[in-house]
Structure formats: C-alpha cells, structure tokens
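Down below is the structure, laid out as structure tokens.
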Amino acid sequence: MEGEVAVTAKQVIGGPLVIGGRRLSLSKAIRAGDFVFIGGMRGTDRVTGKMVDGDEARIRRMFDNMLAAAEAAGATKADAVRLTVFVTDVAKYRPVVNKVQKDIWGDGPYPPRTVLQVPALDQGDIAEIDGTFYAPAK
Numbered sequence: 005m006e007g008e009v010a011v012t013a014k015q016v017i018g019g020p021l022v023i024g025g026r027r028l029s030l031s032k033a034i035r036a037g038d039f040v041f042i043g044g045m046r047g048t049d050r051v052t053g054k055m056v057d058g059d060e061a062r063i064r065r066m067f068d069n070m071l072a073a074a075e076a077a078g079a080t081k082a083d084a085v086r087l088t089v090f091v092t093d094v095a096k097y098r099p100v101v102n103k104v105q106k107d108i109w110g111d112g113p114y115p116p117r118t119v120l121q122v123p124a125l126d127q128g129d130i131a132e133i134d135g136t137f138y139a140p141a142k
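Position one of the sequence shown corresponds to residue 5 (this note's numbering), numbered consecutively onward.
Put into structure tokens, the structure is as follows:
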C-alpha cells in the first residue's frame, strides 16, 4: 500500500569476527534482503588469523576470504555488484589486485571496483577489501 515501508530483517553471517583471540565489534557479513555486505576482509589465514606471506598470496587470500564470507551467505562471485579495495601503495598493489581478480573472474564479467590508496591498514597490512553482492535468498 502507498506510504507503507517494507521491513527487511538483517541476518549476521558467520559468528563474531575474532582475530588473534580478540572478539571484534564487527561482523564479517550481513544479509539485508537480497543483498549481502562483506566488510574488511584481509589476507589472513582463516584458522590462525595470521597474515599470509607474500604480496600476491596475501591479496589472493583477501579475495578468497571475501568470497568465503559471501558463500556462507549464499552468494557467489557472479553475484558481486561492487568491490572496494584499499591498498597502502596503489602503484605497487593495483597490478597485483588486477592479476588476482582476473585469475578469479577469468574473462568476466567483472564487478565494478574501486582501488583506493590509504596511509595505513590494521597490523601493517597491504590490502583490504569489502564487497556487495546481490543474491536473492533461496
């Protein structure tokens, strides 16, 4: 009816985010209606929470961690509608991000993406990603 507001429940995906034994005040992902929002994925080992060694390996793990969180919400890489990548040196890391993204998405289609240079990331990391996925609940 006119003037009514649809209410969409939010669902936290996965348990609380814990890094280095610390429970953080954020969630890996939230489903809100048909959208899944993934925040702040880095190139860390999902079991130990330690950063993966090597620039390309760490950036690849960053993407893998984001896609694993999306998968837990019922989304796939094909459902990605927006990515934002934060790097500490855009000239150095954008080509690595491009290579890894091409390895993962093949010949596309690619989701829209922005790469931003930031002065620093948590624990001296080199890259972090967040993503939005359109994946109607089944």
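Using N, Cα and C, we set each Cβ at its ideal position, and we do this for glycine too.
As assigned by DSSP and simplified to three states, the class of residue i
i	result
Ala131	strand
Tyr138	strand
Ala36	strand
Arg225	With the chain covering 5 to 142 only, the question about residue 225 has no answer from this structure.
Val56	coil
Val122	coil
Arg79	The sequence shown places Ala at residue 79, not Arg. If DSSP states are grouped into helix, strand and coil, Ala79 belongs with coil.
Arg98	helix
Val104	helix
C-beta atoms of residue i and residue j nearer than 9 Å
i	j	result
Ala77	Ala124	no
Arg62	Ala141	no
Ala72	Ala84	no
Val89	Arg117	yes
Asp129	Met55	yes
Best match in the options for proximity to residue i [C-alpha to C-alpha]
i	options	result
Lys14	Gly25, Phe39 and Gly44	Phe39
Pro115	Asp126, Asn102, Val122 and Gln127	Asn102
Arg86	Asp134, Gly25 and Ala36	Asp134
Leu120	Tyr97, Ala139 and Pro113	Tyr97
Arg50	Val122, Gly18 and Gly37	Gly18
Asp59	Arg46, Met70, Gly53 and Thr52	Arg46
Arg27	Phe137, Gly37 and Gly53	Gly53
Tyr138	Ser31, Ala95, Val16 and Ala36	Ala36
Element boundaries [beta strand (DSSP E), containing residue i]
i	result
Thr88	Ala84 to Val91
Integer Cβ distance of residue i from residue j, believed to fall under 8 Å
i	j	result
Ile108	Phe67	6 Å
Val122	Thr92	6 Å
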